Every structure is written in C-alpha cells, then in structure tokens.
Amino acid sequence: MKHKLVFRSSYGGWFLYTTASAGDLGFVQELLERDPLLVFGEGEYGVTDILYAAARRKNCEVFSLVFYFVVSPRSSLVSFGRM
Numbered sequence: 215m216k217h218k219l220v221f222r223s224s225y226g227g228w229f230l231y232t233t234a235s236a237g238d239l240g241f242v243q244e245l246l247e248r249d250p251l252l253v254f255g256e257g258e259y260g261v262t263d264i265l266y267a268a269a270r271r272k273n274c275e276v277f278s279l280v281f282y283f284v285v286s287p288r289s290s291l292v293s294f295g296r297m
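Taking the working numbering, the leading residue of the sequence shown gets 215, the next gets one more, and so forth.
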C-alpha cells in the first residue's frame, strides 16, 4: 500500500532511479508496468539519469529492461519477455 501512495505522489521518477541504481529488477519491472513513460524521468531525474543509474550497477538485465522502455515506451513486458 505504501508503494501505491508514494507512486501517486509523483515520486515515480525517484523510485525508478533508486531501484535501477540498486539493481532491483523486480521493482523496476513493477514501476515500468504501471507507467512506461517513467523511463523518461520525472522532476530532476531525466532519461539520461535513469540510464546511468541502470548502467552503474552493471546489471545487464536491469539496463536492458530500462533501455527497452526508452526505445519502445508503449510496449508491454509481455512482448519483452520476463527475465
């Protein structure tokens, strides 16, 4: 329940940045399923910041998922395939 409240409070960009930098694939997937356009950032976190956060953890799965949503934000995880 807390995730839903914070997500609705416009902290989605921060959540995506934080979870991508932590390498939390499951939560990154959850956030992008809710709002695929989060990958383009929100507030102070832009697309470059989100990609950097995903890359600096050196987790290829997280980076690939984020990059996929950058190039195809309206696609669903079903077409990407669950990792």
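Where is the CB? At the ideal position from N, CA and C, for every residue including glycine. Values in this document were obtained by computation on a predicted structure and should not be read as measured data.
Below 7 Å CB to CB, which residues in the same chain sit around residue i once its five sequence neighbours on both sides are set aside?
i	result
S286	none
I264	L230, Y231, A234, V253, G255 and V280
Y259	G227, W228 and Y231
If the criterion is Cβ atoms closer than 7 Å, does the pair residue i and residue j meet it?
i	j	result
F277	A267	no
G227	D249	no
State buried or exposed for residue i, treating a residue as buried only when at least 16 other CB atoms are found within 10 Å of its CB.
i	result
G240	exposed
K246	Here residue 246 turns out to be Leu, not Lys, going by the sequence shown. Buried is the call here.
K216	With a pLDDT of only 49 at K216, under 50, the local geometry of the prediction cannot be trusted, and the value read off the model is given with reservation. So K216 ends up on the exposed side.
V261	exposed
Grab me the residues of residue i's own chain with a C-beta within less than 6 Å of its C-beta, minus the 5 sequence neighbours each way, in chain order.
i	result
G237	R271, N273 and V276
Taking only runs that begin and end inside the segment 254-280, name each unbroken alpha helix (DSSP H) of 4 or more residues, in chain order.
-> Assignment of alpha helix (DSSP H) within the segment 254-280, counting only whole runs of 4 or more residues, yields 261-270 in chain order.
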